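Residue numbers (our numbering): 30 to 197. To start, the structure under review is shown below, and the notes come after it.
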Ligand SMILES: [Zn+2]
């Protein structure tokens, strides 16, 4: 079961990495937005000229916008720092930015990151899992502590080096 979950997570990460790489390239043509709305929730990912914006909103006032899944191409001027991307209540530096607005009826949040950083995180995280799992499998085979690698053949129940449970 754990193996299945792991493979599923790794496959998901791979698909996401492919999607981000494609969006990165496409974002230089025109802005690209993928959004999902279902009042009171609004989730959107927008890519433009190598920059990426993640938007999350939860406002209990009807938005009067189309509900459901939607994708579109339009350039909104994220690069030039137009009004919509100025993040007046947050922080913005080039392709990096952050803003959180709280309202009586909810909140919305904006996160701006370069596509390259997003891709790096998506690829790097599962790569770390894989490396860690391989190291643990190697330690398990050779009777070493999974946490620190200390030889547990003499003390299989508990690691005398780091105190980790031998079965962990
Ligand atoms: Zn140990």
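Backbone N, C-alpha and C define an ideal beta-carbon position, used for all residues, glycine too. Note that this is a predicted model, so its numbers are computed, not measured.
Within 10 angstroms of the Cβ of residue i, are there 16 or more other Cβ atoms? Answer buried if so, exposed if not.
i, result
"residue 139", "buried"
"residue 129", "exposed"
"residue 120", "exposed"
"residue 156", "exposed"
"residue 191", "exposed"
"residue 52", "buried"
"residue 75", "buried"
"residue 30", "exposed"
"residue 34", "exposed"
"residue 173", "buried"
Mind checking whether residue i and residue j have CB atoms under 9 Å apart?
i, j, result
"residue 137", "residue 186", "no"
"residue 45", "residue 151", "yes"
"residue 83", "residue 148", "no"
"residue 98", "residue 65", "yes"
"residue 63", "residue 100", "yes"
"residue 69", "residue 134", "yes"
"residue 73", "residue 154", "no"
"residue 78", "residue 56", "yes"
Just grab the DSSP bridge partners of residue i for me.
i, result
"residue 73", "64, 84"
"residue 99", "64"
"residue 180", "173"
"residue 186", "Residue 186 is not bridged to any residue."
"residue 120", "127"
What do you reckon, is the C-beta of residue i under 8 Å from a heavy atom of ligand 3?
i, result
"residue 177", "In the structure on display, ligand 3 does not appear, and the ligands it does have are ligand 1."
| task | Could you tell me which uninterrupted beta strand (DSSP E) segments, each at least 3 residues in length, are contained entirely in the segment 126 to 173, listed from first to last along the chain? | result | Complete beta strand (DSSP E) runs here, min 3: 135 to 143.
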